[in-house]
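*Asks:* A single structure is presented below for examination.
There are 2 protein chains.
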Amino acid sequence: MVWEDELSERKMRILKTLIDDYIQTAQPVGSRTISKKHELGLSSATIRNEMADLEEMGYITQPHTSAGRVPSDKGYRFYVDHLIQVETLARDEIKKIRSAIELRLNEIDALINRASDIVSTITGYTSFALTPMLTKTVLRTVQVVQVDEKRVLVIIVTGGGVVKNSIVRLNTECTADNMMRLSSFLEEKLSGKIIENIQIPSADFISREIKVDPGIVECVLEGLNVCLKGTEQSDLMLHGTTNLLNHPEFSDLLKVKEVLELLSDKDIIKALISSTMIKSGLQVQIGKENQLGLMQDCSLVTTAYGVGNTDVGAFGILGPTRMSYAKVISAMKYIQKLINRESLRILSEE
Amino acid sequence: MVWEDELSERKMRILKTLIDDYIQTAQPVGSRTISKKHELGLSSATIRNEMADLEEMGYITQPHTSAGRVPSDKGYRFYVDHLIQVETLARDEIKKIRSAIELRLNEIDALINRASDIVSTITGYTSFALTPMLTKTVLRTVQVVQVDEKRVLVIIVTGGGVVKNSIVRLNTECTADNMMRLSSFLEEKLSGKIIENIQIPSADFISREIKVDPGIVECVLEGLNVCLKGTEQSDLMLHGTTNLLNHPEFSDLLKVKEVLELLSDKDIIKALISSTMIKSGLQVQIGKENQLGLMQDCSLVTTAYGVGNTDVGAFGILGPTRMSYAKVISAMKYIQKLINRESLRILSEE
DNA sequence: GTTTAGCACTCGTTTAGATAGAGTGCTAAC
DNA sequence: GTTAGCACTCTATCTAAACGAGTGCTAAAC
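Listed in order, the protein sequences are those of chains A and B.
Going by numbering that gives the first Met the number 0, the first sequence opens with residue 0, and the numbers climb by one from there.
Going by numbering that gives the first Met the number 0, the second sequence opens with residue 0, and the numbers climb by one from there.
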C-alpha cells in the first residue's frame, strides 16, 4: 500500500478530473475522455498508466475489464479532504437562501424547516434537519391552568418561543385559587433558568410552602416533567425525498423502496444524524462510512448548528456517493452561518 | 350502448370472475383462464363470446389483439357497486385493529394517526387521514398568560384535549393584573361554547368592560383568533407510502416519482380528500373519477368519520385501480365504526 | 527515463431475426 | 345456445452477431 503523500501532483490532478467527470456523468470515465475533455496535456496512454497506479492504490476501480474507472470510497474521501475546491454559490442561489432564511420567523422550528427545504431544492438532493434540543435555552414561563374540575393544563414557554404543554388529570378536585398559588410559585422558582439545570422541588416541599394538597402538586409536577422532557426531543424534518429518484444510482426499484422505507423511519434517521452531532463542524460520511448497511451507496453531509458555542441541532443532506460535494458543502456552510446568526436572535433574549 | 340492467346473470358472473382474477394477478385474463380456474361450467369459446359483448359494452378492454381482457374503469365501477361481496376480516386482523384503536388514547390526533397506520398495514396500500376539524367541539378553556413584559401567550383547549396556542407581541407594556382580568373575562364569556359559533366581542367593548388598554386587548384577540383558526385546519397524515411500490403498476420509475411527489404535497392531498367529505359514508373513486390527472391509474376509497351525526374528519386509502376493493372496504368500514365510537368518547364531555 | 502511438484483446451493449406462446375471432358441428 | 377446432395476431423471449468503448502491453519517439 502506498502512502497518500506519494500521490504525485499529476496523479492528484488526474484523480480530481476523473471524479469531477464521474460526478457529472455517472458513467465510468476512460483515459481518452480525460485526456480529451480536460486540458492536462497528456495522451490517453500516459493517463492509462497513471490510472493503473491509482487503481492499484485503491482510489479507483473498474466495474469490468473493458470499462472506464469509477472512484472508490477511498477516492472520494481523498477528493473531499484534499482536492475539492469550494464552489461559490451562484448569485441567485444566495439570494434564494437569504430571502428564505431572513424572513424573520419567530419560531425556531419554522426557521429550521425552511432552511432544510431550501438546501434540498438548491442541491437537488434529500435534506433533513433536526430541530433544536431546547434544554440549553432558558425557561421563560411556567403556567398551570385549570381546564375543568379535575384537569389542568401545564404550559411552558422556552427560549425560541416554543410552547410545550401537557394535560394532566388530578385525582381530587382543586380550587382555582390553589392552582393560582401553585402556578405563581413555579413561575417564580423556575422561570429564567436554563432548562437542563432545572431541579424541580419536591412535591412535599411545595405542598407545605403554599398549602396545597400534595397529591395535586404531585400530578402537576408530573405534567411539568412531561413538558420539560418535551424540550429534549427534537423533531426530524425531511425535504426532497423524491429528489433521490432523479439520480441513476436509484434506477433500481428495489433499492428505491429500501431507501424510502428507511427514510420513513424517523427514529433510524434521527439516530444516524445524532451520531454525527458529536463532533461539531461539517462532516462528510462517504459510502460505507455510515453505519447503515442499506445506504452504502449514499453519502451524508451533516453539520450541527447552534447558538454561540453550543450546538443544539443538526441538519444535512443525503445523496448518492457520487454527489456534487463541492456544491453541497458550500451551500451547507453558507446556510449554517445564517442559521447560527438567526437562531441566536430567536433563542437568546432580545 | 346497452343498459346496465341488460347485463345477464352470466355476464355478471364472468365479469366478476375476471376482475377477481385480475386483482390477484395483475395480468390480462384470457377466456381459457376463466373457464378453467373458476367453475362456471362453460367452455372458453362461450366465454369468449360473452367477453366480446362485455368489451363492446365498455366493461373490459384489450391491451392488444392477442392479450386477455382487463377491466375498464366502468367495469370496476359496476364491480364495486353490484358485484362485490364484503369480505369478513380475518380474526387476527380484527384483533390487530381493535388492540390498536382501543389503546384509550386521550388525544384525538393520536387516535387518527394510529388508525391510519393500521389500515395501511392491513390493506397493504397507502393510507391517509385528515385529523378532525375541531370547530364543532366546545371550547373548554381560554387563558391569557404573560411571557414577559411585552409578550403574552394565548391558549385554548378544545374538546378532545387539543391545545392550540399563539404568542403575541404587545405594543405597550402590560401589568399582570390586567392580563388576569382579561383572561378571566374571556374565559367566562367564551368557554363552553361551540367553537364555530363563537363571536368574539369587540376590543372596544371588552376594554370598557374591564378597563384595560384597547390596544392590548386588540393584540390578544388577534392571538385568540389565530388559535381558533387553528381548530379549522386539520393535519394530513400519511402511512405506507412505499406500499405503492409493491404493485406492478408502479414499476415505472417515472410514474413512481410523479405519484410520490404528488403525495408529498400535503395541500393537494388535503384538497382531494376534503372534496370527498361532502357526501358522508364510504366513497370509492375509481381511476379517472378523481380530479388529479396524475393519479388516473389509482383508486381512492375514503370515508368521513365523526362524532354523533357531524363529520369532523376523513380518512382513506390510495392504491392502484386494480385494488382489492372487497378487503379495503370491509377494513375501512370496520375501522370507521371504531373511530366513531372512540372519538365520541374523546371529543364529547365525559 | 518518460511519453506516446499502435494494436490485439476483453467484455458489456445493442441490434436483428427467429421462436414460442397466449389469446382471439370465426366457422362449423353438436 | 354451446363447443371444438383452426387460422391468425401480436408480444415476449431467446439467440447470435456486430459493435464499440476501453484496456494493457510493446516498441518507438522525445
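All residues carry an ideal CB built from backbone N, CA and C; glycine is no exception.
Here the structure is a predicted model, which means the values were calculated and not measured.
Would you say Thr120 (chain B) and Gly315 (chain B) are within 8 Å of each other, going by their C-beta atoms?
*Replies:* In the second sequence, the residue the question calls residue 120 (chain B) occupies position 121. In the second sequence, the residue the question calls residue 315 (chain B) occupies position 316. Taking 8 Å as the Cβ cut-off, Thr120 (chain B) and Gly315 (chain B) do not qualify as a contacting pair.
*Asks:* Quick check on the DSSP output: the beta strand (DSSP E) that includes Ile177 (chain A) runs from which residue to which?
*Replies:* Along the first sequence, one-based indexing puts residue 177 (chain A) at 178. Sequence check: residue 177 (chain A) is Asn here, not Ile. Premise fails: Asn177 (chain A) lies in the alpha helix (DSSP H), 175-189, not in any beta strand (DSSP E).
*Asks:* Mark Asn224 (chain A) as exposed unless 16 or more other C-beta atoms lie within 10 angstroms of its C-beta, in which case mark it buried.
*Replies:* To locate residue 224 (chain A), count along the first sequence from 1; it is residue 225. Asn224 (chain A) is exposed by the Cβ-count criterion.
*Asks:* Is DSSP giving Lys254 (chain B) helix, strand or coil here?
*Replies:* On the second sequence, residue 254 (chain B) is found 255 positions in, with the first residue counted as 1. The answer is helix: DSSP assigns Lys254 (chain B) an H, G or I state.
*Asks:* Given this structure, state the Cα-to-Cα distance separating Val211 (chain A) from Cys173 (chain A), to the nearest angstrom.
*Replies:* Against the first sequence, residue 211 (chain A) aligns to sequence position 212. Against the first sequence, residue 173 (chain A) aligns to sequence position 174. Cα to Cα, Val211 (chain A) sits roughly 9 Å from Cys173 (chain A).
*Asks:* Tell me whether Asp108 (chain B) is buried or exposed, calling it buried when 16 or more other Cβ atoms sit within 10 Å of its Cβ.
*Replies:* To locate residue 108 (chain B), count along the second sequence from 1; it is residue 109. It counts as buried.
*Asks:* So Arg68 (chain B) packs on Glu49 (chain B), CB below 8 Å; how close in whole Å?
*Replies:* By 1-based counting over the second sequence, the position of residue 68 (chain B) is 69. By 1-based counting over the second sequence, the position of residue 49 (chain B) is 50. Not really, about 11 Å apart at Cβ, beyond 8 Å.
*Asks:* Hey, how far is the Cα of Leu243 (chain A) from the Cα of Glu221 (chain A)?
*Replies:* On the first sequence, residue 243 (chain A) is found 244 positions in, with the first residue counted as 1. On the first sequence, residue 221 (chain A) is found 222 positions in, with the first residue counted as 1. If I take the Cα positions, the gap works out to 43 Å.
*Asks:* State the Cα-Cα distance for the pair Val144 (chain A) and Lys326 (chain A), rounded to the nearest angstrom.
*Replies:* By 1-based counting over the first sequence, the position of residue 144 (chain A) is 145. By 1-based counting over the first sequence, the position of residue 326 (chain A) is 327. Roughly 50 Å separates the two Cα atoms.
*Asks:* Assign Pro70 (chain A) to one of two classes, buried (16 or more other C-beta atoms within 10 Å of its C-beta) or exposed (fewer than that).
*Replies:* Looking up residue 70 (chain A) in the first sequence gives position 71. Pro70 (chain A) should be labelled buried.
*Asks:* Pick out whichever of A:Ser182, A:Arg344, A:Asn289, A:Lys192 has its Cα sitting closest to the Cα of Arg356 (chain A).
*Replies:* What the structure shows of chain A is the stretch from 0 to 349, and residue 356 (chain A) is not part of that stretch, so it cannot be assessed.
*Asks:* Does any residue of chain A have a CB that is nearer than 8 Å to the CB of Asp147 (chain B)?
*Replies:* The sequence position of residue 147 (chain B) within the second sequence is 148, counting from 1. Interface residue, yes.
*Asks:* Which first and last residues belong to the beta strand (DSSP E) in which Ser342 (chain B) is found?
*Replies:* Position 343 of the second sequence, counted from the first residue, corresponds to residue 342 (chain B). No beta strand (DSSP E) contains Ser342 (chain B), which is instead part of the alpha helix (DSSP H) from 324-346.
*Asks:* Helix, strand or coil: how does DSSP classify Met56 (chain A) here?
*Replies:* Position 57 of the first sequence, counted from the first residue, corresponds to residue 56 (chain A). It is helical.
*Asks:* Ile155 (chain A): buried (16+ other C-beta within 10 angstroms of its C-beta) or exposed?
*Replies:* Working through the first sequence from its first residue, we reach residue 155 (chain A) at position 156. By the neighbour-count rule (16 or more Cβ atoms within 10 Å), Ile155 (chain A) is buried.
*Asks:* With DSSP collapsed to three states, give me the class of Ser98 (chain B).
*Replies:* Counting from 1 along the second sequence, the entry for residue 98 (chain B) is found at position 99. In the structure shown, Ser98 (chain B) sits in a helix (DSSP, three-state: H, G or I).
*Asks:* In chain order, what residues of the same chain lie with their CB nearer than 7 Å to the CB of Ile267 (chain B), ignoring the 5 residues before and after it?
*Replies:* By 1-based counting over the second sequence, the position of residue 267 (chain B) is 268. The residues are Leu261.
*Asks:* Count the other C-beta atoms from every protein chain shown that fall within 10 angstroms of the C-beta of Val360 (chain B), then say buried if there are 16 or more, exposed otherwise.
*Replies:* Beyond the ends of chain B as shown, which are 0 and 349, falls residue 360 (chain B); an answer cannot be given.
*Asks:* Would you kindly check if the distance between the Cβ of Glu106 (chain A) and the Cβ of Gly57 (chain A) is under 8 Å?
*Replies:* Reading the first sequence from its first residue, position 58 is the one you call residue 57 (chain A). Reading the first sequence from its first residue, position 107 is the one you call residue 106 (chain A). Contact flag unset, no.
*Asks:* For Met394 (chain A), which of helix, strand or coil comes out of DSSP?
*Replies:* A question about residue 394 (chain A) goes unanswered here, because the residues of chain A that appear run from 0 up to 349.
*Asks:* Going by C-alpha to C-alpha distance, which of A:Val153, A:Val146, A:Val141 sits closest to Thr157 (chain B)?
*Replies:* For the purposes of this step, residue 157 (chain B) is taken as the residue at position 158 of the second sequence. Answer by Cα proximity: A:Val146.
*Asks:* From which residue to which residue does the alpha helix (DSSP H) around Ala114 (chain B) run?
*Replies:* Counted from its first residue, the second sequence places residue 114 (chain B) at position 115. Where Ala114 (chain B) is concerned, the enclosing alpha helix (DSSP H) stretches over 107-122.
*Asks:* Determine which residues share a DSSP beta bridge with Phe127 (chain A) and list them.
*Replies:* As a position in the first sequence, residue 127 (chain A) is number 128, starting the count at 1. Its beta-bridge partners are A:Leu237, A:Gly315.
*Asks:* Among B:Thr16, B:Ser115, B:Thr134, which one has its Cα closest to the Cα of Val306 (chain B)?
*Replies:* Here residue 306 (chain B) is taken as the residue at index 307 of the second sequence, counted from 1. Looking at the Cα atoms, B:Thr134 is the closest of the given residues.
*Asks:* Is it right to say Lys163 (chain B) is buried, meaning 16 or more other beta carbons lie within 10 angstroms of its own, or is it exposed?
*Replies:* Indexing the second sequence from 1 puts residue 163 (chain B) at position 164. Label assigned to Lys163 (chain B): buried.
*Asks:* Just the Cα atoms here: how many angstroms apart are Glu8 (chain B) and Ser42 (chain B)?
*Replies:* In the second sequence, counting from the first residue as 1, residue 8 (chain B) sits at position 9. In the second sequence, counting from the first residue as 1, residue 42 (chain B) sits at position 43. When rounded, the distance between both Cα atoms is 17 Å.
*Asks:* List the residues of chain B whose Cβ lies closer than 7 Å to the Cβ of Arg139 (chain A), in chain order.
*Replies:* In the first sequence, counting from the first residue as 1, residue 139 (chain A) sits at position 140. Near Arg139 (chain A) (Cβ distances below 7 Å), the residues of chain B are Val146, Asp147.
*Asks:* With a 10 Å radius around its C-beta and 16 neighbouring C-beta atoms as the bar for buried, classify Ala303 (chain A) as buried or exposed.
*Replies:* As a first step, residue 303 (chain A) is located in the first sequence; it is residue number 304 there, counting from the start. So Ala303 (chain A) counts as buried.
*Asks:* Helix or strand or just coil, what does DSSP make of Met0 (chain B)?
*Replies:* Within the second sequence, the letter at position 1 stands for residue 0 (chain B). Confidence at Met0 (chain B) is low in this model, with a pLDDT of 44, below 50, so its placement is unreliable and no value can be given for it.
*Asks:* At the level of alpha carbons, what is the spacing between Asn170 (chain A) and Glu217 (chain A)?
*Replies:* For this step, residue 170 (chain A) is matched to residue 171 along the first sequence. For this step, residue 217 (chain A) is matched to residue 218 along the first sequence. Cα to Cα, the separation comes out at about 10 Å.
*Asks:* Any Cβ of chain B within less than 8 Å of the Cβ of Ser263 (chain A)?
*Replies:* The count along the first sequence starts at 1 and reaches residue 263 (chain A) at position 264. Interface residue, yes.
*Asks:* Compare the Cα-Cα distances from Gln142 (chain B) to each of A:Thr136, A:Val118, A:Val153 and report the closest residue.
*Replies:* The sequence position of residue 142 (chain B) within the second sequence is 143, counting from 1. Here the closest residue by C-alpha is A:Val153.
*Asks:* Since Asn177 (chain A) meets chain B, which of its residues come closer than 7 Å, beta carbon to beta carbon?
*Replies:* Residue 177 (chain A) sits at position 178 when you count from the first residue of the first sequence. Those do not exist, as Asn177 (chain A) stays about 16 Å from chain B at its closest Cβ, beyond 7 Å.
*Asks:* How big is the Cα-Cα spacing for Arg12 (chain B) and Gly123 (chain B)?
*Replies:* Numbered from 1 along the second sequence, position 13 holds the residue referred to as residue 12 (chain B). Numbered from 1 along the second sequence, position 124 holds the residue referred to as residue 123 (chain B). Taking the straight line from one Cα to the other gives about 27 Å.
*Asks:* Within the same chain, show all residues whose beta-carbon is closer than 6 Å to that of Asp116 (chain A), passing over the 5 residues directly before and after it, in chain order.
*Replies:* On the first sequence, position 117 is the one that residue 116 (chain A) refers to. Contacts found: His238.
*Asks:* Near Leu102 (chain A), which residues of its chain fall below 6 Å by C-beta distance, leaving aside the five closest residues on each side in sequence?
*Replies:* The residue you call residue 102 (chain A) lines up with position 103 of the first sequence. Within the same chain, Leu102 (chain A) has no close Cβ partners at all.
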